[in-house]
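J.: Residue numbers (the numbering used here): -18 to 394. The structure under discussion is supplied below as structure tokens; questions concerning it will follow.
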Amino acid sequence: MAEQPTSSFVVVANRLPVDRAVDSSGVSSWRASPGGLVTALHPVLRERHGAWVGWPGGRLDDYSPFEVDGLSLAPLELSAADLENYYEGMSNGTLWPLYHDVVAKPAFHREWWDAYVEVNSRFADQAARSAARGAVVWIQDYQLQLVPAMLRELRPDLRIGFFLHIPFPPTELFRQLPWRDQILEGLLGADLVGFQRPGGAANFARLVRLRFGYKTHRDKIILDDGRMVRARAYPISIDFHGLETLARTPAVKARAAQIRAELGDPRHVLLGVDRLDYTKGIRPRLRAFGELIVDGRLKVEDAVFVQVASPSRERVEQYKEVRADIEQWVGRINGDLGRIGHQPIHYLHHSFPREEMAALYQAADVMVVTPFADGMNLVAKEYVTCRTDDTGGLVLSEFAGAADQLKQAFLVN
């Protein structure tokens, strides 16, 4: 067997940054996935001949490393049981709700935890095989919090970073986790642990003081063996210049005007763009819009709310219930308040390409971003970027990380 090639810069994430596409003749090929992380890291990975370790999103006949659009990819196999227990179970049934202020009740199951440990170990093994001596390895997000320590055990020569894209909870919530110490020890395997908000970094530092008695000073954590770990906030951004350039194109401007015309050219267009998730606050947002109409503060013929709710974790029961609940509310509001030829809410349960999103942002007078808890929320930043004429209003939850930076938004509780 040929030896696996190694790289000086390795990204480790739950998913590879590619999707498999099938053309009209039935031939399949790989294409780069849309997304801020992929866009930001692609140039760095190319320049440093980097590699990306992750699950390919489905079964492969061959799990050998391969290359797509200049990216070296190291696929990792996950079985149906892995997806059920590690991903849908521990990652999204336990950690996700716990880290989002228990908006939904987390479940704790030993078999989920056992799968989480086993899958994290496999990610660490693949990362160790993919990294050259002294390489930088950057591990991503809540699904892989044990990987830093596992990887350090395998490869102490590596420089290891970890970034958490979602909120890190306060100590009172985190301590509910039966495996709290194992998670903390896993993260402390990194040289640098990054968070979206300063509060997340502070929560982490406080927990390692309380649980392990480690000394901390500002962003430094001193372990018993003398090794220093840094825990800091690095709020994630967007491809500002690329998106702004796109928003200024005649095609996007024309499409924005067309969208408003298709909506009946109302005086007010409000927009929500979210993954369909119980943390995003979609139902209260739509109810509030309906109440504005009922109270007479908006006229039904003058206002339209466009809600884009892209599919998410559709096999998880909680997400099925969220979808049914939101769609019931959309139907109720449209049924109670709609008119012939006009419905107050336009609900779209699918994703859109970047060009269409830029046009939607330009078409909307008001962007409504109201999560119960959110690590950052890049949609808020994308909306502001696309308002190239400096018009528009952003209603933003103070519980989104973006509220720390977008202070001129209309902040709401």
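Glycine included, every Cβ here is placed at the ideal spot set by N, Cα and C.
#1: Kindly indicate which residue of Leu18, Glu363 and Pro37 has the alpha-carbon position closest to the one of valine -1.
#2: Going by beta carbon distance, what residues of the same chain come within less than 6 angstroms of alanine 182, once the five residues before and after it are set aside?
#3: If distances are taken between C-alpha atoms only, which option among Leu64, Gly262, Phe193 and Val297 comes closest to glutamine 288?
#4: Measuring CB to CB, does glutamate 400 end up less than 8 angstroms from histidine 323?
#5: Rounding to the nearest angstrom, what Cα-Cα distance links leucine 132 and aspartate 106 in this structure?
#6: From the DSSP output, in three-state form, read off valine 349 for me.
#7: For leucine -3, which of helix, strand or coil comes out of DSSP?
#8: So what does DSSP say about isoleucine 326, is it helix, strand or coil?
#9: Please report the distance separating the alpha-carbon of valine 189 from that of leucine 169.
#10: On the DSSP bridge assignment, give the partners of proline 56 in chain order.
#11: Are the C-beta atoms of asparagine 358 and some chain D residue less than 8 angstroms apart?
#12: Which same chain residues, not among the five before or five after arginine 27, have their C-beta less than 8 angstroms away from its C-beta?
#13: Who are the near neighbours of alanine 112 in its chain, counting only those whose CB is closer than 7 angstroms to its CB and skipping five residues on each side?
#14: According to DSSP, simplified to helix, strand and coil, what is histidine 198?
#15: Quick check: what's the CA-CA separation for lysine 301 versus tyrosine 80?
#16: Kindly confirm or deny that the region 341 to 351 and the region 226 to 241 touch, where touching means at least three C-beta pairs closer than 8 angstroms.
#17: Note the first and the last residue of the continuous beta strand (DSSP E) segment covering alanine 381.
#18: Apart from the five residues on each side of it in sequence, which residues of its chain come closer than 6 angstroms, Cβ to Cβ, to methionine 338?
#19: What would DSSP say about methionine -18, mapped onto helix, strand or coil?
#20: Could you please give me the residues that DSSP links to arginine 9 through a beta bridge?
#21: Counting along the chain, where does the beta strand (DSSP E) carrying histidine 249 start and finish?
#22: In angstroms with no decimal places, state the Cα-to-Cα distance between alanine 62 and isoleucine 164.
#23: Quick check: the Cα distance between glutamate -16 and lysine 362, rounded to an integer number of angstroms?
#24: Hey, how far is the Cα of proline 129 from the Cα of phenylalanine 144?
#25: On the CB-based measure, 16 or more other CB atoms within 10 Å of its CB, does aspartate 355 come out buried or exposed?
#26: Using CA coordinates, which residue listed in Val349, Asp306, Trp160 and Leu59 is at the minimum distance from tyrosine 259?
#27: Does the region 87 to 98 touch the region 63 to 76, meaning 3 or more C-beta pairs lie closer than 8 angstroms?
#28: Mind checking which residues open and close the alpha helix (DSSP H) that includes glycine 181?
#29: Report whether the distance from the Cβ of arginine -4 to the nearest heavy atom of the ligand NAP is below 7 angstroms.
#30: Where does methionine 209 fall in DSSP's three states?
T.: Taking the geometry as given:
#1: Stepping through the sequence shown from its first residue, residue -1 is reached at position 18. The shortest C-alpha separation from valine -1 is found at Pro37.
#2: For this step, residue 182 is matched to residue 201 along the sequence shown. Correct list, in chain order: Phe176, Ala212, Arg213 and Ala214.
#3: Mapped onto the sequence shown, residue 288 falls at position 307. For glutamine 288, the nearest C-alpha among the options comes from Gly262.
#4: Nothing can be reported for residue 400: it is not among the residues displayed for the chain, which extend from -18 to 394.
#5: By one-based count along the sequence shown, residue 132 stands at place 151. By one-based count along the sequence shown, residue 106 stands at place 125. Roughly 7 angstroms separates the two Cα atoms.
#6: On the sequence shown, residue 349 is found 368 positions in, with the first residue counted as 1. Strand at valine 349.
#7: Taking the first residue of the sequence shown as 1, we reach residue -3 at position 16. In this structure, leucine -3 counts as coil in the three-state DSSP scheme.
#8: As a working note, residue 326 is residue 345 in the sequence shown. DSSP places isoleucine 326 in strand when its eight states are reduced to three.
#9: For the purposes of this step, residue 189 is taken as residue 208 along the sequence shown, with counting starting at 1. For the purposes of this step, residue 169 is taken as residue 188 along the sequence shown, with counting starting at 1. Rounded to the nearest angstrom, the two C-alpha atoms are 9 angstroms apart.
#10: The residue given as residue 56 occupies position 75 in the sequence shown. Partner(s): Gly35.
#11: Absent from the structure is chain D; it holds one protein chain and no more.
#12: What you label residue 27 is simply residue 46 of the sequence shown in a count that begins at 1. Gly51 and Leu52.
#13: For the purposes of this step, residue 112 is taken as residue 131 along the sequence shown, with counting starting at 1. For alanine 112, where only same-chain residues beyond five positions count, the Cβ hits under 7 angstroms are Thr(-13), Ser(-12), Val(-9), Val118, Arg136 and Leu139.
#14: Walking along the sequence shown from the start, residue 198 turns up at place 217. DSSP, read as helix, strand or coil, puts histidine 198 in strand.
#15: Within the sequence shown, numbered from 1, the residue matching residue 301 stands at position 320. Within the sequence shown, numbered from 1, the residue matching residue 80 stands at position 99. Whole-angstrom Cα-Cα distance: 20 angstroms.
#16: yes
#17: Reading the sequence shown from its first residue, position 400 is the one you call residue 381. Segment: none, alanine 381 is in no beta strand (DSSP E) and carries neither H nor E.
#18: For the purposes of this step, residue 338 is taken as residue 357 along the sequence shown, with counting starting at 1. Nothing listed; no residue qualifies.
#19: Mapped onto the sequence shown, residue -18 falls at position 1. Caution applies to methionine -18, whose pLDDT of 44 falls short of 50 and renders its modelled position unreliable; the value that the coordinates give is listed next. Three-state DSSP puts methionine -18 in coil, outside helix and strand.
#20: Counting from 1 along the sequence shown, the entry for residue 9 is found at position 28. Just to set this straight, residue 9 is serine in the shown sequence, not arginine. DSSP lists Val3 as partners of serine 9.
#21: Position 268 of the sequence shown, counted from the first residue, corresponds to residue 249. It spans 249 to 256 - the beta strand (DSSP E) in which histidine 249 sits, taken as one unbroken run.
#22: The residue labelled residue 62 in the question sits at position 81 within the sequence shown. The residue labelled residue 164 in the question sits at position 183 within the sequence shown. Spanning the two alpha carbons is a distance of roughly 22 angstroms.
#23: On the sequence shown, residue -16 is found 3 positions in, with the first residue counted as 1. On the sequence shown, residue 362 is found 381 positions in, with the first residue counted as 1. If you take the alpha carbons of glutamate -16 and lysine 362, they lie about 43 angstroms apart.
#24: Here residue 129 is taken as the residue at index 148 of the sequence shown, counted from 1. Here residue 144 is taken as the residue at index 163 of the sequence shown, counted from 1. When the Cα atoms are used, proline 129 and phenylalanine 144 turn out to be separated by approximately 11 angstroms.
#25: By one-based count along the sequence shown, residue 355 stands at place 374. Per the 10 Å Cβ criterion, buried.
#26: As a working mapping, residue 259 is identified with position 278 in the sequence shown. Of the candidates Val349, Asp306, Trp160 and Leu59, the one whose C-alpha sits nearest the C-alpha of tyrosine 259 is Asp306.
#27: yes
#28: Taking the sequence shown and counting its residues from 1, the one referred to as residue 181 is at position 200. For glycine 181, the uninterrupted alpha helix (DSSP H) segment begins and ends at 179 to 193.
#29: This structure does not include the ligand NAP; it has no bound ligands of any sort.
#30: As a position in the sequence shown, residue 209 is number 228, starting the count at 1. Note: methionine 209 maps to strand in three-state DSSP.
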